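These notes concern the structure reproduced below.
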Amino acid sequence: MKVSQLYVYPIKSLRPTTITEGILTTRGFQYDRHFMLLKVIPAEDGSSTTNLKNMHVPDFPEMALFHTDIEYPETEKDNGKLIITYHPPLSDSGPGLRETNRLEIPLKPNPKSLTPFKIIMHKSPTTGYNMGAEYNDWFSACFGYPVVLAYLGPHSREVLGTLAPGKKDKKTALRTIHESLTNPDRKWERVLLVLIVASAINLLLQSGTLVRDGITPQTARSLTPTLLFTAGAAVLYYFYTLHAQHEDRITFADCAPYLVISETSVDNVSARLPDGETMDRTKFRPNIVVSGAEEAFEEDFWGALTLGNGLGHGSGKMLLTANCVRCQSLNVDYETGKMGTGESGAVLKKLMKDRRVDSGAKFSPVFGRYAFLEPKGEGISLRVGDQITVAEKGTKRSIFDWPS
């Protein structure tokens, strides 16, 4: 199998930027979903107090009218550019401006000059930064109602449920010790472990001698240095291994850093539409599209993928931990910024017939898999055309358990 398409979504729920090569990080592709939009909701009592509502494309289908592009930084001092182009709907009944409009946003704004505020997405809180009137006013004019553009900055969100690999694979003390002894990248853990064992043996030998010769307050005090050294080494080992255990975090992505889908499964959905119509794969909001799978939906059982072919740009491994359960976003008409009509506006219903296969979300169809990058893959490049290998396959379906 191979990578056929790669996508980055610099602003959540807007149209993606198509890329041919992307830098992998444990929090997603570089610059993926570092911005989001929130609708300003006036207070019901008429006061000046306002609330902010997270904007997602199934609730605000007009978000599909905004296209994105990225001008990547060429130097360390260069902030790069995020270019947003608004394509108004063809009909006169669409929202906002009537002419194509363009906005440039710094790809890496300085948070020190921005106002922070709390954002809670899918029960996972974080801090975002209000990008200010220049950008808020442009988006507000396009949408036809007031909105705020938020930047994530250095912050991140917790992965809830057991979607994160570390939560699915709680390590026992024996396994942690085994990894310390066998992993070549964890030599300092081995040093601490050897010191702990040596000190503990020394402590036992000294204690045995004292018991044999008779314990006095003075001889008991002689054990103090060895006891303190052993305890100190044990505490250091605990915190060192705790630090070594990677905690997965996410940006403004829904549930995971990456979403992987299969072209073969997209073709299956296209076959459910009338002749001449094909399913727009970007409606599934994938980051990585894989071609060459033998069967549709075989990805339901993929547990891990090996990425890249090692041709000068590295290789990595992704752990696929959960299904992506689907919503009304599949029915959005990207040309009108409204819910679709006809067969293409009923894709979710079509998938309901045979794709409700996750017992954790019995009323939602499944399409695609949420994925997490192993830390060793941080910083490598993934390119269109790279090889993809299924490294692990499950025999049972995973259960989506992000709290609703």
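Residue numbers for the sequence shown follow full-length UniProt numbering, so the first one is 1 and each next one is one higher.
Note that CB positions come from ideal geometry on N, CA and C, so glycine has one too.
Keep in mind that this is a model prediction, so the values were computed, not measured.
Near residue i, what residues of its chain come up, given a Cβ to Cβ distance below 6 Å and the 5 sequence neighbours on each side ignored?
i: Phe229; result: Ser199
i: Pro365; result: Arg326, Leu351, Met352, Arg355, Arg356
i: Leu311; result: A caution first: Leu311 carries a pLDDT of 48, below 50, which makes its placement in the model too unreliable to give a value.
i: Thr282; result: Pro16
i: Ala129; result: The residue asked about is misnamed: residue 129 is Tyr in this sequence, not Ala. Once the five neighbours on either side are set aside, the close Cβ partners of Tyr129 are Pro111, Leu114, Pro116, Tyr151, Gly153.
i: Glu158; result: Ser124
i: Ala296; result: Thr264, Ser265, Asn268
i: Thr85; result: His67, Arg102
i: Arg221; result: none
i: Ser262; result: Val290, Ala293, Glu299
i: Pro89; result: Thr336, Gly337
Could you name the residues of the same chain whose beta carbon sits closer than 8 Å to that of residue i, not counting the 5 residues immediately before and after it, in chain order?
i: Met1; result: Val290, Ser291, Gly292, Ala293, Gln387, Ile388, Thr389, Val390
i: Pro10; result: Thr17, Tyr31, Asp32, Arg33, His34, Phe35, Thr68, Ile70, Leu82, Leu107
i: Val147; result: Leu37, Leu38, Lys39, Val40, Met55, Asn136, Phe139, Ser140
i: Thr25; result: Pro257, Leu373, Glu378, Gly379
i: Thr341; result: Asp333
i: Gly345; result: Asn331, Asp333, Met339
i: Leu348; result: Arg326, Cys327, Gln328, Leu330, Asn331, Pro365
i: Pro286; result: Gln5, Tyr7, Leu259, Val260, Ile261, Gly368
In the DSSP output, what is residue i paired with across the bridge?
i: residue 427; result: What is shown of the chain runs 1 to 404, which leaves residue 427 out entirely.
i: Leu40; result: With the sequence shown as reference, residue 40 is identified as Val, and Leu is not the correct amino acid for it. The partner list for Val40 (beta bridge, DSSP) reads Leu52.
i: Ile19; result: Leu6
i: Asn130; result: Thr115, Ala150
i: Asn101; result: Tyr86
i: Leu24; result: Phe29
i: residue 416; result: This structure does not reach residue 416, given that the chain is present from 1 up to 404, and the question cannot be answered.
i: Glu158; result: Arg249
i: Lys81; result: Glu71, Pro106
i: Phe35; result: Ile11, Tyr151
i: Ile120; result: Pro125
Apart from the five residues just before and just after residue i, which ones in its own chain have a Cβ nearer than 7 Å to its Cβ?
i: Lys350; result: Arg272
i: Lys123; result: Leu160, Pro403
i: Ala361; result: Val325, Phe400
i: His243; result: Note on His243: pLDDT 49, under 50, position unreliable in the model; no value is reported.
i: Arg27; result: Ser156, Arg249, Ile250, Thr251, Pro257
i: Glu392; result: Gly303, Ala304
i: Pro61; result: Val332, Gly337, Lys338, Met339
i: Gly394; result: Phe301, Gly303
i: Val191; result: none
i: Thr50; result: Val40, Ile41, Pro42, Ala43
i: Asp280; result: Tyr334
i: Asp254; result: His122
i: Leu149; result: Phe35, Leu37, Met131, Tyr135, Asn136, Phe139
What residue range is occupied by the uninterrupted alpha helix (DSSP H) comprising residue i?
i: Tyr31; result: It is not in any alpha helix (DSSP H) - Tyr31 carries neither H nor E in the DSSP assignment.
i: Leu348; result: 347-352
With respect to the beta strand (DSSP E) encompassing residue i, which residues constitute its N-terminal and C-terminal limits?
i: Asp69; result: 66-71
i: Val366; result: 366-373
i: Leu382; result: 381-383
Could you tell me how far apart the beta carbons of residue i and residue j are, in whole angstroms, since I believe they sit closer than 8 Å?
i: Phe252; j: Leu152; result: 6 Å
i: Leu37; j: Ile19; result: Not quite, the Cβ-Cβ distance comes to about 22 Å (not below 8 Å), so this is no contact.
i: Val40; j: Gly22; result: Actually they are not in contact, since the Cβ atoms of Val40 and Gly22 sit about 33 Å apart, beyond 8 Å.
i: residue 405; j: Trp138; result: The displayed coordinates of the chain run from 1 to 404. Any statement about residue 405 would go beyond what the structure contains.
i: Val260; j: Ala371; result: 5 Å
i: Lys319; j: Pro73; result: Residue 319 is actually Leu in this sequence, not Lys. No, Leu319 and Pro73 are not in contact; Cβ-Cβ is about 30 Å, not under 8 Å.
i: Glu299; j: Arg397; result: Their Cβ separation, rounded to whole angstroms, is 12 Å, which puts Glu299 and Arg397 out of contact at 8 Å.
i: residue 475; j: Glu277; result: Limits of the chain in this structure are 1 at one end and 404 at the other, which puts residue 475 out of reach.
i: Val57; j: Ile288; result: That pair is no contact at about 20 Å.
i: Phe367; j: Phe284; result: 6 Å
i: Asp358; j: Asn323; result: 5 Å
Which ranges does the alpha helix (DSSP H) cover as unbroken runs of at least 4 residues, wholly within the region 246-327, from first to last along the chain? You should have 263-270.
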